[in-house]
Every structure is written in structure tokens, then in C-alpha cells.
Amino acid sequence: MALNLTQKQEVVAELAEVAAKAHSLVASEYLGLTAGQLTDLRKKAREQGVFLKVAKNTLVSRAVENTDYAVVQDDLVGPLMYAFSQEDPGAAGRLIKEFAKANDKLKPRIVAIGGQKYPGTHVDVLASLPTREQALSMLLSVMVQPATQLVRLLSEPASQVTRVINAAGQAKAA
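Residue numbers (this note's numbering): 1 to 174.
Dropping the structure here:
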């Protein structure tokens with residue numbers, strides 16, 4: 001069903017708002033997926049904080065015009081579905097990668113993050129990015145490491161004295 005001008009403006013405004021706040025974009029070819037498969041994909045996208053939209057390329061091109069995703073405008077060709085990560089940079093990549101494993105009709109074509117455009121094969125790289133919790137955990141472990149080493153270093157002389165006294169006591173007992 002064709003959209004009238006007002007509806008097109010609403011779609012462009014919605015996509016522009018999402019693109020302005022999104023962390024990453026994955027554009028995928030979806031030809032051959034059934035309505036049930038698309039519904040399942042949309043459900044998973046909502047659960048993972050991914051905005052998923054099938055829209056005309058010209059509307060998407062206008063929506064991303066003044067965002068980091070303007071780099072993809074020239075490559076928006078053919079029927080594409082757009083997945084914008086809203087909470088976690090790797091969420092869209094993980095969603096598309098996992099769904100594409102079970103459905104070979106879904107093919108990632110474009111990946112964009114941080115104002116850079118990559119081919120669809122980079123969806124694996126995007127999917128491997130840590131979640132916010134994982135990144136914070138890694139940062140915390142890096143920050144705690146020097147303190148742990150310092151405590152071990154400071155407690156080592158006392159441990160050595162204790163071992164020497166214990167060994168001397170055992171030698172006298174024997």
C-alpha cells in the first residue's frame with residue numbers, strides 16, 4: 001500500500017529520531033522470509049532493544065541524512081530491513097547474526113557504526129562487541145588488578161616469615 005506525503009514524513013521523522021540516538025545500524029536483505037518469520041524477528045528485536053523497520057530506501061536515506069549513518073546512503077539498494085541498536089552497540093549485530101543462522105534468506109548487507117560503513121560480513125564483528133554489563137565487568141577487573149597485586153606484594157614478607165618459623169618448628173619436632 002502506497003503512503004501519502006504525511007505518512008512518509010512521519011516515517012522519515014521516526015527514523016531520523018531513532019538514527020540520531022542509535023549506536024549501530026545493520027541493513028539486511030530479507031527477501032524470501034515469511035510473515036511468521038518476520039514477526040518472530042520483530043519480537044526478538046523488541047526484547048533486545050533493537051528498532052527494526054522495513055522502509056523505502058529513499059525515506060531511510062532522507063532520515064539518516066544528518067546522522068552518523070549518512071555514509072550508507074549510496075548503498076541503500078534493493079529491499080532492505082533496517083535494525084538500529086538503541087541500548088547496546090552489538091545488539092543489532094547479534095540479532096541479525098543469530099536469526100540468519102536459522103534463516104538463510106536473511107542476508108546482512110551493510111553495517112554502520114561510529115560514522116563508518118562496513119560490508120555485511122562485519123556483522124560478526126559487531127555481534128562480538130560486549131554488552132554494557134560485560135564491558136563494565138572487564139573494566140572493573142582491569143582496575144582491581146593493580147590493587148590485588150599490591151596486596152599480594154605487601155603480604156608476601158609476612159607469609160615468608162610464617163613459612164620459615166613453621167619449617168623451623170617442624171625441624172625441631174623431627
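Note that the Cβ used here is the ideal one computed from N, Cα and C, for glycine as well.
Being a predicted model, the structure only gives us computed values, none of them experimental.
Run of the beta strand (DSSP E) containing residue i, from where it starts to where it stops
i	result
residue 85	80–85
residue 112	107–113
For residue i, three-class secondary structure by DSSP
i	result
residue 52	strand
residue 72	helix
residue 24	strand
residue 29	strand
Which listed residue (the options) has its alpha carbon closest to that of residue i
i	options	result
residue 38	49, 151 and 96	96
residue 107	17, 33, 160 and 168	33
residue 101	6, 41 and 150	41
residue 114	105, 130, 9 and 22	22
residue 136	24, 88, 109 and 73	88
residue 92	139, 105 and 111	111
residue 120	172, 27 and 4	27
residue 24	2, 3 and 71	71
Distance, residue j Cα to residue i Cα
i	j	result
residue 75	residue 122	15 Å
residue 19	residue 69	7 Å
residue 103	residue 31	11 Å
residue 90	residue 161	51 Å
residue 164	residue 154	17 Å
residue 78	residue 141	45 Å
residue 117	residue 126	12 Å
residue 29	residue 59	17 Å
residue 170	residue 152	26 Å
residue 57	residue 130	30 Å
Start and end residues, alpha helix (DSSP H) containing residue i
i	result
residue 101	91–102
residue 130	Premise fails: residue 130 is in no alpha helix (DSSP H) and is neither H nor E.
residue 60	57–63
Q: Could you say if the region 142–149 and the region 56–72 meet the contact criterion of at least three C-beta pairs nearer than 8 Å?
A: no
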